[in-house]
Structure formats: C-alpha cells, structure tokens
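Undergrad: Mind looking over this structure? Questions follow.
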Amino acid sequence: MSTIGQINYPFRTSQTMIAPLPAEMLENELLAKLSEVDRMRLAAHMMVFELKRNDVLIVAGETVTDTWFPGGPSLASFQLPSEDGDAAVEVALIGREGAIGGIVSNGSLPAYATAVVRAGGSFFRLKTAALEQAKLESIALRHWFARYSDCLIAQVFQTSACNATHTIMQRTAKWLLAAMARTRRAEVIITQEELAETLGVGRTFMTQVVRQLREEGIIITNRGAVTIVNRASLQVKACNCTALIENHYDVVLHGIYPRDRRP
0 MSTIGQINYP FRTSQTMIAP LPAEMLENEL LAKLSEVDRM RLAAHMMVFE
50 LKRNDVLIVA GETVTDTWFP GGPSLASFQL PSEDGDAAVE VALIGREGAI
100 GGIVSNGSLP AYATAVVRAG GSFFRLKTAA LEQAKLESIA LRHWFARYSD
150 CLIAQVFQTS ACNATHTIMQ RTAKWLLAAM ARTRRAEVII TQEELAETLG
200 VGRTFMTQVV RQLREEGIII TNRGAVTIVN RASLQVKACN CTALIENHYD
250 VVLHGIYPRD RRP
C-alpha cells in the first residue's frame, strides 16, 4: 500500500511558517490577478508554509477552517478513499492557478474530500474566517472567488466524464501533462503505484501504460519519479479534457490556467 493510500489523519507536517512578502503572493495566479488593495487585504491575515509531499491540508468530514493557495511549483489534490479504504482516488489536481478549502465550502461546512500535498513547496494559508470577512468587505473578492468555484466544479465534472469515457493511456497522459504544466518541471515525483491509485485503475494496467510510454521514448522512469522527455508525443496520447477546462477558465477567469507549450 502506498503512502497516498495510507493517509494518516489529522494534518501533520514538519512545517516552516512565516509571513509572506507581497511579491511572494504573486506565485499564486489566483492571488496575483487580484487588485493590489484586495491582495493586501488578504495578506494581512496570511502565512506561508513550506510543506512536504503527502502532507494533509484538509480532512474529509472535518470543518474547513483554512484556505490554502499553492505557490510556484507546489501541487495539491482532492482525494476520495476507495470503498475498502486502501487507496485514494484523485478528483481534482490544484496548482498555482487555484486554492483549496474555504473558497468553495465558505468555511462553515465539513469537507467532502481530503486535500493532500502532491508536490511540496510554498503554500499560503488564510484562515477561512478571515477570507469570509474580506469577501464581505470587497464585492470584487466575492465575485472573483465565486468564479473560481465555478471553474473548480467544471474541472470535477470534466474529470468524472473523462474517467467514464477515456482510456487509461489517455488519462495517464493527461495527468502527467497537467502536473508538468503546473510545476513547470519535466520530472513528476510519483510512483507507478501512486499513479494507478490516483487514476483509480489497477497497477497491472498502469504498468502496461508506463512501459509503452517508456518504450516509445516519451518518458523516463526512475525510482519514485516520471520524467517527460517528449511532451509533444505525450500530448498526442492524451484526451482533450484539459483543453476543455482551459477554455472554460479562459472565459471565466482569463489568464490563470497553467499552460506549458514546450515541445
């Protein structure tokens, strides 16, 4: 059983916490697009944490008290446990374009999914009560985060359709490309077992997919990591779900969805 499958609750980290500088907040696209006045309104209540892979941000069933904004190459994902509890299936991958927590739940409701750090780095934490107060003070903030909620729901909808209609190869390629775009790194830290759990497929099937991608010279696998060496060929293998989500983000929140146009 992998580490992701064995999530130990509640949130435990070896964390370093400091107050963020205004320039650091620009590492999150959702914060960067705010007016300076609204960004400073949030900065007064924000702390930045250096978190590690597999740190747990939010626990399903518990009241949401924090909102987290990934910065730079940091990644987090919303996960739901399998029926037997031995694995955690990903329902949304969140990077510098988004946020995790009270933006969607408004801070007073229990979380439905657990949120886990996928790629370590800087995470900006805002107490959800402070976020709610800021939204009361600024209609622009209310509208901005409501539009982000719409985009996140659209992403979850598209993931559901993708899981039902696309092949394991297409979904694997899509996920690797999404991780690469958000981190801006060709190396994705994940094991084959974790990738299988993330997509909700058997490890045998994932082994076959990874072997094919490796034999075609599209990826290189090392212990606990996948390196993408031919992005264009991987794009051919992927479904069009990411493009659909990009288009929706462009309409609702222009300019924040992560893209990677490297060959």
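For the sequence shown, numbering that gives the first Met the number 0 gives the first residue as 0, with consecutive numbering after it.
Glycine is no exception: its CB is placed at the ideal position from the N, C-alpha and C atoms.
How would you write the range of the alpha helix (DSSP H) that Met-24 sits in, first residue to last?
TA: The residue given as residue 24 occupies position 25 in the sequence shown. Per DSSP, Met-24 belongs to no alpha helix (DSSP H) and is neither H nor E.
Undergrad: Would you report the Cα separation of Val-250 and Phe-48, rounded to the nearest angstrom?
TA: Against the sequence shown, residue 250 aligns to sequence position 251. Against the sequence shown, residue 48 aligns to sequence position 49. Using only the alpha carbons, I get a separation of about 31 Å.
Undergrad: Helix, strand or coil, according to DSSP, for Arg-141 in the structure here?
TA: As a working mapping, residue 141 is identified with position 142 in the sequence shown. In the structure shown, Arg-141 sits in a helix (DSSP, three-state: H, G or I).
Undergrad: With a threshold of 8 Å between beta carbons, is Gln-78 in contact with chain C?
TA: Considering every chain present, this structure includes no chain C. It has just one protein chain.
Undergrad: Nearest CA to the CA of Gln-157: which residue from Val-90, Lys-51 and Ala-22?
TA: Here residue 157 corresponds to residue number 158 of the sequence shown, with the count starting at 1. The candidate whose alpha carbon is nearest that of Gln-157 is Val-90.
Undergrad: Starting from Ser-232 and walking both ways along the alpha helix (DSSP H), at which residues does that stretch end?
TA: For the purposes of this step, residue 232 is taken as residue 233 along the sequence shown, with counting starting at 1. 230–236 is the span of the alpha helix (DSSP H), which, as asked, contains Ser-232.
Undergrad: Return yes when the Cβ of Ala-180 is within less than 8 Å of the Cβ of Pro-69, no when it is not.
TA: Here residue 69 refers to the residue found at position 70 when the sequence shown is read from its first residue. Here residue 180 refers to the residue found at position 181 when the sequence shown is read from its first residue. Taking 8 Å as the Cβ cut-off, Pro-69 and Ala-180 do not qualify as a contacting pair.
Undergrad: In whole angstroms, what separates the C-alpha of Arg-170 from that of Leu-108?
TA: If you number the sequence shown from 1, residue 170 lands on position 171. If you number the sequence shown from 1, residue 108 lands on position 109. Their Cα atoms are separated by approximately 31 Å.
Undergrad: Under three-state DSSP, which class holds Ile-57?
TA: For the purposes of this step, residue 57 is taken as residue 58 along the sequence shown, with counting starting at 1. Three-state result, Ile-57: strand.
Undergrad: Taking 8 Å as the threshold (C-beta atoms), are Pro-72 and Ala-118 in contact?
TA: Here residue 118 refers to the residue found at position 119 of the sequence shown. Here residue 72 refers to the residue found at position 73 of the sequence shown. Cβ atoms of Ala-118 and Pro-72: closer than 8 Å.
Undergrad: Tell me whether Ile-57 is buried or exposed, calling it buried when 16 or more other Cβ atoms sit within 10 Å of its Cβ.
TA: Reading the sequence shown from its first residue, position 58 is the one you call residue 57. With 16 or more other Cβ atoms within 10 Å, it is buried.
Undergrad: Just grab the DSSP bridge partners of Val-88 for me.
TA: On the sequence shown, position 89 is the one that residue 88 refers to. DSSP, once it has assigned bridges, lists Leu-79 as partnering Val-88.
Undergrad: With C-beta atoms as the reference, is Leu-74 less than 8 Å away from Thr-182?
TA: Within the sequence shown, numbered from 1, the residue matching residue 74 stands at position 75. Within the sequence shown, numbered from 1, the residue matching residue 182 stands at position 183. It is a contact, given that the beta carbons lie within the stated cut-off.
Undergrad: Quick check: what's the CA-CA separation for Glu-193 versus Ile-152?
TA: Looking up residue 193 in the sequence shown gives position 194. Looking up residue 152 in the sequence shown gives position 153. Taking the straight line joining both Cα atoms gives about 24 Å.
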